[in-house]
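With our numbering, letter number 337 in the sequence shown gets 344, and the count goes up by one each step, no holes.
Cβ coordinates follow ideal geometry from the N, Cα and C atoms, glycine included.
All values derive from a computational prediction rather than experimental measurement.
This report concerns only the one structure given below.
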Amino acid sequence: MTLNLRLAAALCVALSLCALLAVPANFPALGGDARLTLAVFALATCAWIGTPIDDTYIALGAGLALTATGVISSDTLFGTLGDATVWLLICAFVLAAAVARTGLAGRAAVFLVGGARSVRQLVHLTTAALVVTAFAVPATSGRAALALPVFLALAKALADRKRLVVMLALLFPTVILLSAVATLIGAGAHLITVSVLWESTGDRIGFTQWLLLGLPLAVASSHLAAETVLLTTTRRADREGPVHITAEEIQRHSESPVTGPWTQAEKRCALLLATVVTLWCSEPLHHVSPAVVALIGAVVASSPALGTVRLKDALKTVPWSLLLFMAATMAMGVALADSGAARWLVSGLPAHVTPAVFLGVVVAVSTAAHLVLQSRSARSSVLVPLVIAAAVGAGVNPVAAALASTAAAGFCHTLPASAKPVTLFSDLPGTPTYTPRDLLRLSAVLAPLTAALVLFFAAAVWPLLGVPVTR
């Protein structure tokens, strides 16, 4: 479908919905605020789907419209920017800038990938390394940028084995996207989910609880995806030959030394990162907010005496557009919940739905949502408020339903434009990489596998970790 056709279709759908909502006789159970909220929500969703307008601009326009019409107060709109999760993400990016400046990523690559002696070892060691980066670098696009030099080094070392290079090009973005669920700061969508849950139900998911629930799923899905990429992209003959990646080959693509004695800056940064992650994970013991811990870490990382990056330079790496998008969509979620619009939307669902069927539908819809909404944060902004409202009506634990939806929405591999990491690795001048056909072949196998894995965790694993399927 061309851009003009998509735009026309989205406009027709949005205007039709608004026309229906404008007639008082239609939907008599809807109040005025709920009608306005649904109209704004429909217009924003159709604009995200069918127009090239920046997602943040659309979200800000929707938040402004809800404020101007009195559905939410200006304090609600602007207060979302002061949310602790927003500060957590800002400080996490400052810490990530400090890590990137020291070159610790190159040393980690040599330590992990340099030990591979077979193709399968290389694949799973690379996967393990990429999962670990979720703790150091927030947002999947930042992790993709950090991992790109490592991939280029591997591609040069395996230049005579083109099929393996293509496989690695597909492996990197696949694991980066699926492993994001490991931590609360792994994607902006996670922070939106946590905020919507808090506003709608009063349930708060902290860094430690998300880690407990998300890390096992991230490890399982990443290694499952790694094996799937390996088997769908290479032949047996490609996998049989030995591999040996040297430190010198990785050094050619790194500005900082990847071997030899550690510099003082590297030691300080590694110690600081380990301390911050440890404090995040031990929140139940000291009760210090993860955002406060991140702020302390960011101040130290950018301090003149102990830091490795200037605060001014670190703040340039913060995706301010994403933060504004998150704040505006949080306000939209508040409007959906407080106006009663979300409850009305799900009131027509079948009354007697088993929890297993409900979760199955949530996971299936969330997995396929990337075909319509390319922004991961936009998918959570649209789906999570509705999932939470529907879960309450169906007798399902809204925390389990929201987590399952957010985890399933992390699958976005079908098209080159489905996610920024996929786009980044799909076009590398001078380096063999995957084609849209490779992505479709992988998605046909990986989509049902990851959806089934998320459903298994929601039904069988998370209840053992304190998140039951039903209340």
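Secondary structure of residue i, DSSP reduced to three states
i    : result
V403 : strand
P59  : coil
P436 : coil
P423 : coil
A467 : helix
P268 : coil
M8   : Bear in mind that the predicted position of M8 carries a pLDDT of just 47, short of 50, making it too unreliable to give a figure here.
P455 : helix
T477 : strand
F418 : coil
G89  : helix
T282 : helix
P291 : helix
L37  : coil
L380 : coil
Y441 : coil
I79  : coil
S23  : helix
G70  : helix
L18  : helix
L95  : helix
P31  : coil
T413 : helix
S387 : helix
V113 : First, the residue type needs correcting, since residue 113 is Gly and not Val in the sequence shown. Reduced to three states, the DSSP call for G113 is helix.
S450 : helix
Spatially closest choice to residue i from the options, by CA coordinates
i    : options                   : result
Y441 : A104, A75 and M174        : M174
A51  : V368, A335 and A194       : A335
A363 : A398, A244, P297 and W351 : A398
T190 : L184, A141 and V316       : A141
A196 : F332, V474, P470 and L102 : F332
A426 : L73, P180 and V389        : P180
N404 : L431, V476, F418 and G417 : V476
A54  : A46, V284, T44 and I65    : I65
T421 : S81, T285, L446 and P428  : L446
A415 : L431, A375, A396 and P423 : A375
C276 : T315, T285, L132 and S263 : T315
L177 : P470, L313, L453 and A459 : L453
P371 : G193, V461, F48 and L43   : For the record, residue 371 in the displayed sequence is Ala; it is not Pro. It is V461.
T488 : G213, F464 and S382       : A question about residue 488 goes unanswered here, because the residues of the chain that appear run from 8 up to 478.
T133 : E273, E234 and L84        : E234
V300 : P291, L237, V325 and W287 : W287
Assumed close pair residue i, residue j - CB separation to whole angstroms, cut-off 8 Å
i    : j    : result
E206 : A348 : At roughly 14 Å, the Cβ-Cβ gap does not stay under 8 Å, so E206 and A348 are not in contact.
L393 : V353 : 6 Å
R124 : H251 : 7 Å
S412 : T63  : Not really, about 22 Å apart at Cβ, beyond 8 Å.
V203 : I395 : 7 Å
L111 : G304 : Actually they are not in contact, since the Cβ atoms of L111 and G304 sit about 15 Å apart, beyond 8 Å.
A99  : I183 : With 8 Å as the limit, A99 and I183 do not qualify as a contact, their Cβ atoms being about 16 Å apart.
A298 : A164 : With 8 Å as the limit, A298 and A164 do not qualify as a contact, their Cβ atoms being about 41 Å apart.
A105 : A308 : 4 Å
Residues sharing a beta bridge with residue i, DSSP
i    : result
P249 : S125
Test: residue i CB closer than 7 Å to a CB of chain D
i    : result
L178 : This model lacks chain D altogether, as it is built from one protein chain only.
Legend entry - Start-end ranges of the alpha helix (DSSP H) lying completely within the segment 298 to 377, minimum 4 residues: The segment 298 to 377 contains these whole alpha helix (DSSP H) runs: 318 to 322, 327 to 345, 348 to 353 and 362 to 375.
Legend entry - Runs of alpha helix (DSSP H) lying entirely within the segment 121 to 188, each at least 4 residues, in chain order: 126 to 139, 147 to 164 and 169 to 185
Inset, instruction - Tell me the start and end of each unbroken alpha helix (DSSP H) in the segment 188 to 241 that is at least 4 residues and wholly inside, in chain order. - result: 195 to 208 and 214 to 240
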